[in-house]
Amino acid sequence: MKKQILALFLLIIFLLAYPAFAQTTAIRAGNVIDPATGTIARNQIILVKDGKIAEVGPKVNIPASAEVIDLSNAWVMPGLMDGHAHLTLNIQSLDSGIEAIYLRESTAMRAFRGLRNAQDVLQAGFTTIRDVGNDANYAAADLRDAINKGWFTGPAILTSGKIIAPFGGQSKRIPPEQGRFWLHEYIDADNVDEIRRAVRQNIYYGADLIKLVTDTSAFFYSVEEIRAAVEEAHAAGLPVSVHVMGGEAARNVILGGADSIEHGYMLTDELLKLMKEKGTWLVSTDFPEAHIAAMDPTGAFFGAPPKVLAAGIIDRLKRAHQIGVKLVFGTDSVDNLPGKNRADMMLDYLATWEAAGITPAETLRAMTTEAAILLKIEKMRGLIAPGFGADIIATPANPLERIQALRRVMFVMKDGKIVRNHNLTNTD
Ligand SMILES: [Zn+2]
102 MKKQILALFL LIIFLLAYPA FAQTTAIRAG NVIDPATGTI ARNQIILVKD GKIAEVGPKV
162 NIPASAEVID LSNAWVMPGL MDGHAHLTLN IQSLDSGIEA IYLRESTAMR AFRGLRNAQD
222 VLQAGFTTIR DVGNDANYAA ADLRDAINKG WFTGPAILTS GKIIAPFGGQ SKRIPPEQGR
282 FWLHEYIDAD NVDEIRRAVR QNIYYGADLI KLVTDTSAFF YSVEEIRAAV EEAHAAGLPV
342 SVHVMGGEAA RNVILGGADS IEHGYMLTDE LLKLMKEKGT WLVSTDFPEA HIAAMDPTGA
402 FFGAPPKVLA AGIIDRLKRA HQIGVKLVFG TDSVDNLPGK NRADMMLDYL ATWEAAGITP
462 AETLRAMTTE AAILLKIEKM RGLIAPGFGA DIIATPANPL ERIQALRRVM FVMKDGKIVR
522 NHNLTNTD
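Pasting the structure below:
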């Protein structure tokens, strides 16, 4: 008898709790943007069930139990993606060298910073973030896992784990007495075997992609060394992204078969054409002038004044676009300007894309469907279509007319959960 009472009790609990698991949301969307084609479908209903998009169309049946969201006056689109972020890193100034940043905070503190930034960027409409290293001892992997467990609300995070680089990481001339403290953030790998081992180490600790840095010193990776990383990563289904500015190092990266070049500020037209031919993505991390100035006001660290560097970045983006290199929006935002959080800083990069003459439709594509392909999540996220994760945002103005409309995201849904819903009368 006792057993039967217990069973009945469990059944009642299950029935009470069931609607929470099977929550259905219907969004009445005035304008649904398909970033892949740059087209708009009017007056659609998006039905969201169990975190996924179940149906989209003008005549979708809305179940009586569904929560209905009215976005009939808004522009609705898939959540944004940043292809190059460092959620756990923050740089106040480069005066004391990049190495000082690694020494001042524990991995735990870095994870907390990552959590705060992750929540800020999600509120602004970034539902997927590719975190490309500099996260101390795999803090971004823990951050990703904590969000995936449901402990915190945050974007989907893909992380590279530690950055793999030739001896010294991105540090410069640390006295030998100090030891290789850069290993807190980097793995030294100086031949094919060490590179394979480093890739495996990152996979072991939970990497979703592999990140190499190749041209911080006079020595850089050969085609064979890049190819070793690519073979090892691809065998595990992971893409390879490489921090490289240009020159012979960049040529090796392209010929070695890396999936993406990060930054590439010194890429010549010839190298950009080679990228187009080989299908190498450019994650262009186009710092606006004010951001460069915040890190290095005099140009002492980067070797040129902020104005000159910013103009060069716009020119490189313009040339890459004209040549037809595949572009993914990535910010590399790690610095601070007064009154701006990490999301505000990331959205500042839209101005660079405008200045480079890239159309709003192309920019939005680089932030959604194109990014999803590079991240190898194009069958799960980046489109408003049945079966895709319900990562949906909305703006009061049309971003296909002016991309800056993305600065005012009023609605954010991540995996079917509403994390922001400011109606149209709210002006903030
Ligand atoms: Zn970076």
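Sequential numbering from 102 applies to the sequence shown in our numbering.
In this text, a Cβ means the ideal position worked out from N, Cα and C, and glycines have one as well.
Original post:
If you count every other CB in all the chains shown that lies within 10 Å of the CB of Q145, and 16 or more means buried, which is it?
Top reply: buried
Original post:
With distances taken between CB atoms, is the gap from P256 to L465 smaller than 8 angstroms?
Top reply: no
Original post:
Is D433 near ligand 1, judged by its Cβ being under 7 angstroms from some heavy atom?
Top reply: yes
Original post:
Along the chain, where does the beta strand (DSSP E) that runs through K128 open and close?
Top reply: For the record, residue 128 in the displayed sequence is Ile; it is not Lys. Its beta strand (DSSP E) spans residues T125 to D135.
**OP:** State the DSSP-derived secondary structure class of S239, mapped to helix, strand or coil.
**Re:** According to the sequence as given, residue 239 is Tyr; it is not Ser. Here Y239 sits in coil by DSSP.
Subject >> Neighbour-count burial assignment, N218, 16 or more Cβ in a 10 Å radius >> reply: buried
Subject >> contact_flag[the stretch 415 to 424, the stretch 366 to 381] where n(CB pairs < 8 angstroms) is 3 or more >> reply: yes
Original post:
If you compare alpha carbons, which of I128, A186 and A506 is closest to I163?
Top reply: Looking from the CA of I163, the closest CA among I128, A186 and A506 belongs to I128.
Original post:
For ligand 1, is there a heavy atom less than 7 angstroms away from the beta-carbon of V233?
Top reply: The answer is yes for V233.
**OP:** Out of L448, R443 and D387, state which residue places its alpha-carbon closest to the alpha-carbon of Q193.
**Re:** R443
Subject >> K408, enclosing beta strand (DSSP E) - first and last residue >> reply: Per DSSP, K408 belongs to no beta strand (DSSP E); it is in the alpha helix (DSSP H), P407 to I424.
Original post:
Between which two residues does the beta strand (DSSP E) harbouring H335 extend?
Top reply: Counting along the chain, H335 falls outside any beta strand (DSSP E), though it belongs to the alpha helix (DSSP H) covering V324 to A336.
Subject >> 6 angstroms Cβ shell around T460 - same chain, five flanking residues per side excluded >> reply: none
**OP:** Determine the closest residue to N499 out of I106, Q105, R143 and Q124, with distance taken between C-alpha atoms.
**Re:** R143
Original post:
Is H392 near ligand 1, in the sense that its beta carbon is under 7 angstroms from a heavy atom of that ligand?
Top reply: no
Subject >> Chain-order list of residues whose beta-carbon lies under 8 angstroms from that of A121 (same chain, five-residue window excluded) >> reply: Since pLDDT at A121 reaches only 49, below the 50 mark, its modelled position is unreliable, and no value is offered.
Subject >> Segments of 3+ residues assigned as beta strand (DSSP E) that fall wholly inside the stretch 187 to 239 >> reply: 227 to 232
Subject >> Contact belief for T228 with L181 at Cβ below 8 angstroms, rounded distance in angstroms >> reply: 7 angstroms
Original post:
With respect to 7 angstroms, is the separation between the Cβ of H185 and the closest non-hydrogen atom of ligand 3 below this value?
Top reply: Among the ligands modelled here, namely ligand 1, ligand 3 does not occur.
Original post:
Are three or more beta carbon pairs between the stretch 440 to 459 and the stretch 385 to 395 nearer than 8 angstroms?
Top reply: Counting C-beta pairs closer than 8 angstroms gives three or more between the stretch 440 to 459 and the stretch 385 to 395, which meets the contact rule.
Original post:
Taking just the CA atoms, how far does Y306 sit from I230?
Top reply: Their Cα atoms are separated by approximately 18 angstroms.
**OP:** To the nearest angstrom, report how far apart E295 and P439 are at their CA atoms.
**Re:** 43 angstroms
**OP:** Compute the distance between the beta-carbons of A495 and M511, then report whether it is under 8 angstroms.
**Re:** Yes, Cβ-Cβ distance for A495 and M511 is below 8 angstroms.
Original post:
Residue ranges of each beta strand (DSSP E) run of no fewer than 3 residues wholly in the stretch 354 to 383, ordered along the chain?
Top reply: 361 to 364
Original post:
Under a Cβ-count criterion, where at least 16 other Cβ atoms within 10 Å of its own Cβ denotes burial, should T432 be classed as buried or exposed?
Top reply: buried
Original post:
What did DSSP end up calling G348 once you bin it into helix, strand or coil?
Top reply: helix
Original post:
Are A308 and G357 close, meaning C-beta to C-beta below 8 angstroms?
Top reply: no
Original post:
Distance, Cα to Cα, D196 vs G488?
Top reply: 49 angstroms
Original post:
If you follow the beta strand (DSSP E) that W176 is part of, which residue opens it and which one closes it?
Top reply: E168 to P179
**OP:** Kindly provide the ranges of any alpha helix (DSSP H) runs that are 4 or more residues long and lie completely inside the stretch 461 to 525, ordered along the chain.
**Re:** Complete alpha helix (DSSP H) runs here, min 4: 461 to 467 and 470 to 475.
Original post:
Taking the alpha-carbon positions, what's the I474 to A330 distance?
Top reply: 20 angstroms
Original post:
What does L428 pair with, by DSSP beta-bridge criteria?
Top reply: L383
Original post:
Do you know how far the Cα of L310 is from the Cα of A412?
Top reply: 31 angstroms
Subject >> Through-space distance from V345 to R482, alpha-carbon basis >> reply: Going by the C-alpha atoms only, they are around 28 angstroms apart.
Subject >> A308, DSSP secondary structure in three states >> reply: coil
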